[in-house]
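Order-wise, the sequence lines are chains A, B, C and D. Mind the numbering: the first sequence is residues 0 to 195 in numbering that gives the first Met the number 0, read in order. Mind the numbering: the second sequence is residues 0 to 195 in numbering that gives the first Met the number 0, read in order. Mind the numbering: the third sequence is residues 0 to 195 in numbering that gives the first Met the number 0, read in order. Mind the numbering: the fourth sequence is residues 0 to 195 in numbering that gives the first Met the number 0, read in order.
4 protein chains.
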Amino acid sequence: MPTRRERTRQRLYEAAVELIAEHGYSATTVDQIAERAGVAKGTVYYNFASKAALFGELLEYGVERLAAALRTAAEGRAPLDALDAVVGAELAFIGQYEAFARLLLAETWRAGGDWQNAARLIRERAIGVIADVLRAAVANGDLRADLDVGMAASAVFGMVLTVALDWRTLQPARPLTDVHATLVDLLRGRIAGPAT
Amino acid sequence: MPTRRERTRQRLYEAAVELIAEHGYSATTVDQIAERAGVAKGTVYYNFASKAALFGELLEYGVERLAAALRTAAEGRAPLDALDAVVGAELAFIGQYEAFARLLLAETWRAGGDWQNAARLIRERAIGVIADVLRAAVANGDLRADLDVGMAASAVFGMVLTVALDWRTLQPARPLTDVHATLVDLLRGRIAGPAT
Amino acid sequence: MPTRRERTRQRLYEAAVELIAEHGYSATTVDQIAERAGVAKGTVYYNFASKAALFGELLEYGVERLAAALRTAAEGRAPLDALDAVVGAELAFIGQYEAFARLLLAETWRAGGDWQNAARLIRERAIGVIADVLRAAVANGDLRADLDVGMAASAVFGMVLTVALDWRTLQPARPLTDVHATLVDLLRGRIAGPAT
Amino acid sequence: MPTRRERTRQRLYEAAVELIAEHGYSATTVDQIAERAGVAKGTVYYNFASKAALFGELLEYGVERLAAALRTAAEGRAPLDALDAVVGAELAFIGQYEAFARLLLAETWRAGGDWQNAARLIRERAIGVIADVLRAAVANGDLRADLDVGMAASAVFGMVLTVALDWRTLQPARPLTDVHATLVDLLRGRIAGPAT
DNA sequence: AATGAATGAGGTTTCATTCAT
DNA sequence: GATGAATGAAACCTCATTCAT
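Below, the structure written as C-alpha cells:
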C-alpha cells in the first residue's frame with residue numbers, strides 16, 4: 000500500500016508528463032503542474048528538489064519502463080519474431096503512454112540540449128534493445144551480414160515512433176494490430192507489388 | 000538586390016533557427032536571437048510582431064523549402080526512383096539545414112500544442128509529397144494495391160528524419176551517399192540475409 | 000482581523016492611488032507601486048492580475064466609498080439641507096482622499112478611453128446621488144419645476160471637485176467649513192450684492 | 000499662405016490633441032501621432048524637438064486661444080453680462096475644441112505633476128479672466144463685497160467644464176444655448192422654486 | 001523637408017524558488 | 001506532510017529618439 004507521499008509523487012508525475020507533452024518543458028510551469036495534480040505549489044518542492052529534478056526523474060523512469068517493455072518483448076524469441084515483437088511493444092507503449100512518447104520526441108532530439116544526457120540514455124537503452132535484436136538476426140543469417148545495425152535500429156525506432164504518433168492523432172480508433180501489421184510489412188520488405 | 004529590411008529579417012531567421020533548434024522555442028530568448036543576429040533587441044520587434052510570429056513565419060518558410068526540395072526531387076522520375084530521390088532530397092535538406100530539422104522534430108510533434116497548425120502543415124506538405132510518390136508507385140503496380148499509403152509515407156518521413164539526425168550527431172563525417180544507400184535498402188526490403 | 004493577503008492588497012491600493020494621482024496611470028510604474036507599498040514587484044502580480052486590473056478595482060472601490068459617503072450625508076434631511084450636506088460630504092471626502100479625487104479627474108474624463116466604464120460608473124453613482132437630492136427638492140417645491148436635474152447635478156459635482164482641488168493646492172490651511180460656506184452660498188444664489 | 004512646414008505642424012497638432020484627449024499624454028505614442036497625421040515618424044522629430052515639446056507647445060497654444068476667447072467675450076460688457084458671455088465663450092470653445100478641453104482636464108489637475116506649470120498657466124490665464132469679471136462685478140456692487148473671488152472663479156470654470164463635457168458625451172445634439180441658459184440660471188441663483 | 005530602419009533603456013509580466021505557518 | 005504568500009531575476013515587449021538616406 001503506497002504511502003501518502005508516494006501517492007502525491009505519482010500524481011505529480013502524471014500531471015507533469017501530460018503538461019510537458021503538450022507544451023514542452025520550458026513552457027510548462029510549476030503552477031500548472033501543481034494545479035493539475037490538485038496540490039499546492041509548495042508541495043511540488045516538498046517532493047522534488049526542483050522542476051529540473053522532477054523532469055529528470057520522469058525521463059529516467061519512463062525510459063526505463065520503455066526499455067524494459069522492449070527487452071521483455073524480445074526475450075526468448077527467434078530474431079525476426081523478436082523484431083516484430085519489439086515493434087509491437089513500442090507501439091503498445093506509445094498507445095498507453097502517449098504523453099511520454101511525445102515528450103521524448105519533443106525534448107530530446109535537440110542539438111546542444113540541456114537534456115542531452117537523457118537523449119543518449121534513450122538511444123543507448125531503447126534503440127540499444129532494437130540493435131541487439133538486429134545483431135542477433137544478422138548472426139542468425141536472417142539479415143545480411145553487412146547491415147549497418149546501428150543505423151537500422153535508429154530507423155526502426157524513428158519509423159515506429161512517427162507512425163505511432165500520427166496514428167494516435169489522426170486515427171486513434173484504428174486497432175493496434177492493424178498498425179502493427181503495416182509496420183511489420185514495411186520492415187520485412189513485403190510491400191513490393193505483384194512480380195512483373 | 001535585397002533591401003536593408005530584407006537582409007535584417009534573413010539574419011534574424013537564421014539566428015532564430017539555430018537557437019531554437021538547440022534550446023527549444025520557450026528556452027530561447029529574444030535577447031539571444033538579437034545578439035546572434037548582431038542587431039539590437041528592438042530590431043527584432045521592428046521586424047516581427049512578436050517572438051511567436053517570428054517562429055511562425057520561420058516554420059512556414061522552412062516547410063515550404065523542404066516541400067519544394069522533395070517535390071523537385073520527385074519530378075519526372077519513375078515511381079520507385081522518385082522514392083529514392085525523395086529520400087535523398089530529405090537527407091540532403093537535413094544535412095544542409097540540420098537546425099531546422101531538429102526544430103521540426105522538437106516543436107511540432109506535440110499533443111495539444113500551440114503549433115498544431117504548423118504540424119498539420121508539415122504533414123500535409125512534406126509528407127504529402129512522399130504519399131504522392133507512393134500512390135504513383137501503387138498505381139504503377141510497383142507496390143501492392145492495399146498498401147496504407149498515408150501510414151507508409153509517415154513511416155518513411157520519420158525514419159529518414161531520425162536516421163539523419165543520428166547521422167549528424169554520431170557520425171557526421173560519414174558521406175551522405177552511404178546513409179542514403181542504407182535507407183534505400185531498408186525501404187526496398189533488401190535487408191534479408193542469404194536465402195536459407 | 001484581516002488576513003495577510005488582505006493587508007498586502009490594502010497597502011497596494013494606497014500606494015497606487017497616491018502615485019497615479021500624481022503622475023497618472025500610464026506614467027506610474029509597477030515598480031514604483033511595489034516600492035511605495037514596501038513589497039517586491041512580484042507581489043503586485045500575486046495579488047492583482049495586471050496593472051490595469053489593479054487600477055480597475057481601485058476605481059470601483061473608491062467610487063463606492065464616495066457614493067456611500069454622499070448617500071449617508073443626504074439621508075433623513077430636508078432636500079435643501081441634504082444638498083448642503085452632500086456638498087459638505089464631497090468636500091470632506093476630497094479633503095481626506097485627495098489623491099483619489101485627482102485620479103478621478105485625471106483619468107476618467109477622457110473621450111474614448113480605456114476607463115469609460117469607470118467614468119460611467121462615477122456619473123451614475125456619485126452624480127446620481129446629487130441628482131436624487133435635486134429631484135427631491137424639485138418635488139418639494141424648493142427648486143423650480145423645469146430645472147434640468149441631470150445637468151445641475153453634473154454642475155454641482157464638477158464645481159465642488161474643482162474648488163476642492165484648488166483649495167487643497169492653493170490654500171490647504173483654510174478650514175473646510177469656510178470653503179463649504181462659500182460653495183453653499185454660490186449654490187443658493189446668495190452671492191448677489193445689496194439690492195439696488 | 001502657409002508653408003509646407005506650417006501645414007505639417009498643424010496636422011501634427013491636431014493629431015496629437017485628439018489622441019492625447021482620448022488616451023492621455025503617456026499612453027499616446029509618437030507612432031500613433033505620426034500615423035494619424037499621415038507622416039513618417041521621423042517627421043515628428045523634424046518638426047518638434049521632442050514629444051514633451053510638442054505637448055508643451057500644444058498646451059500653450061490652446062490655453063492662449065481659450066484665454067483670448069474668454070477675454071474677448073468679456074470686453075466692453077457690464078459685469079454680470081460679461082459673466083454670462085464668458086460662460087458662453089467657454090462653452091463654445093469646448094464645443095469646438097472638445098478634445099483640447101478633455102486634455103486640459105485629464106493632464107493638468109495632477110498633484111505633483113510634470114505639467115504643473117501648465118496647470119498654473121491655466122489658472123492664471125483662463126480662470127484669471129473669470130476672476131477679473133467677478134471682481135468688476137463686486138466693484139460695481141452687483142455681487143456682495145465679501146465674495147471669495149478666486150474660489151468663485153474656480154467654481155465657475157470647473158462647473159462649466161464638467162457640464163460641457165457631459166453635454167458633449169451624453170446629449171451632443173442639444174443646442175448650446177440651452178446648456179448656456181441652464182448654467183446662467185444656476186450662476187444667477189435663479190433656480191429657487193416659487194416663494195413659499 | 002521628409003523618411004523609416006534601427007536602437008536600447010525601461011516598462012509589464014512570468015515563474016522557479018523560498019519560507020513562515 | 002502540506003500550504004500559499006512572497007520574492008526577484010529574467011523574460012517579452014514598447015517606444016522616444018537617432019541617423020543614414
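Glycine is no exception: its CB is placed at the ideal position from the N, C-alpha and C atoms.
Which of helix, strand or coil DSSP assigns to residue i
i, result
"leucine 197 of chain A", "Because chain A is modelled from 0 through 195, residue 197 of chain A falls outside the range shown and cannot be assessed."
"proline 78 of chain C", "helix"
"phenylalanine 156 of chain C", "helix"
"alanine 172 of chain D", "coil"
"tyrosine 44 of chain B", "helix"
"aspartate 113 of chain B", "coil"
"tryptophan 166 of chain D", "helix"
"glycine 37 of chain C", "coil"
"tyrosine 12 of chain A", "helix"
"glycine 23 of chain C", "coil"
"aspartate 147 of chain B", "coil"
"threonine 161 of chain C", "helix"
"threonine 28 of chain D", "coil"
"tyrosine 60 of chain B", "helix"
"threonine 2 of chain C", "coil"
Strand pairing of residue i, partner residues [DSSP]
i, result
"alanine 191 of chain B", "A:Leu142"
Residues of its chain near residue i, where Cβ-Cβ distance is below 7 Å and the 5 sequence neighbours each way are ignored
i, result
"arginine 8 of chain C", "Asn46"
"tyrosine 101 of chain C", "A quick correction: the sequence has arginine, not tyrosine, at residue 101 of chain C. Within the same chain, arginine 101 of chain C has close Cβ partners Ala20 and Leu164."
"threonine 216 of chain D", "Given a span of 0 to 195 for chain D in the structure shown, any question on residue 216 of chain D remains unanswerable."
"lysine 40 of chain B", "Val29, Asp30 and Ala33"
"glycine 149 of chain C", "Ala130"
"glutamate 63 of chain A", "none"
"alanine 14 of chain B", "Ile32, Arg35 and Ala36"
"leucine 18 of chain A", "Thr27, Gln31, Ile32 and Arg35"
Own chain partners of residue i with C-beta closer than 6 Å, once the 5 adjacent residues on each side are dropped
i, result
"asparagine 116 of chain D", "none"
"asparagine 151 of chain A", "Before going on, a small fix: residue 151 of chain A reads as alanine here, not asparagine. Excluding positions up to five away in sequence, the list reads Leu133."
"alanine 135 of chain A", "Pro78"
"phenylalanine 99 of chain D", "Val16 and Gly61"
"leucine 82 of chain D", "Val132"
"alanine 88 of chain D", "Ala68, Leu69 and Ala72"
Residues near residue i by beta carbon distance below 8 Å, same chain, minus five either side
i, result
"arginine 167 of chain A", "Ile93, Gly94 and Glu97"
"alanine 144 of chain A", "Val137"
"alanine 84 of chain D", "Ala72, Ala73 and Arg76"
"leucine 182 of chain B", "Val86, Leu90, Met158, Val159 and Val162"
"threonine 2 of chain D", "none"
### Query
Which residues, taken in chain order from the segment 20-36 of chain A, show a beta carbon closer than 8 Å to some beta carbon of chain B?
Residues passing the 8 Å Cβ filter: Ala20, Glu21, His22, Gly23, Tyr24, Ser25 and Ala26.
### Any 3 or more C-beta pairs closer than 8 Å across the segment 181-189 of chain C and the segment 176-189 of chain D
Touching, per the Cβ criterion.
### Query
So, do the segment 62-71 of chain C and the segment 126-141 of chain C have three or more beta carbon pairs nearer to each other than 8 Å?
Under the three-pair Cβ rule at 8 Å, the segment 62-71 of chain C counts as touching the segment 126-141 of chain C.
### Message
Give me the subset of the segment 152-175 of chain A whose CB atoms are less than 7 Å from a CB atom of chain B, sorted by chain position.
### Response
Cβ contacts with chain B come from Ser153, Ala154, Phe156, Gly157, Met158, Leu160, Thr161, Val162, Leu164 and Asp165.
### Query
Taking Cβ-Cβ distances below 9 Å as the criterion, which residues of the segment 76-98 of chain D are in contact with chain C?
Answer set for the segment 76-98 of chain D: Glu97 and Ala98.
### Query
Using a beta-carbon distance cut-off of less than 7 Å, what residues from the segment 120-148 of chain B approach chain A?
Cβ contacts with chain A: Gly140, Asp141, Leu142, Arg143, Leu146 and Asp147.
### Task
Scan the segment 49-65 of chain A for residues whose Cβ lies nearer than 9 Å to a Cβ of chain B and list them as they occur along the chain.
Answer in chain order: no residues at all.
### Query
What residues in the segment 181-193 of chain D bring their beta carbon closer than 9 Å to a beta carbon of chain C?
Under the 9 Å Cβ criterion, the segment 181-193 of chain D contributes Thr181, Leu182, Asp184, Leu185, Leu186, Arg187, Gly188, Arg189, Ile190, Ala191, Gly192 and Pro193.
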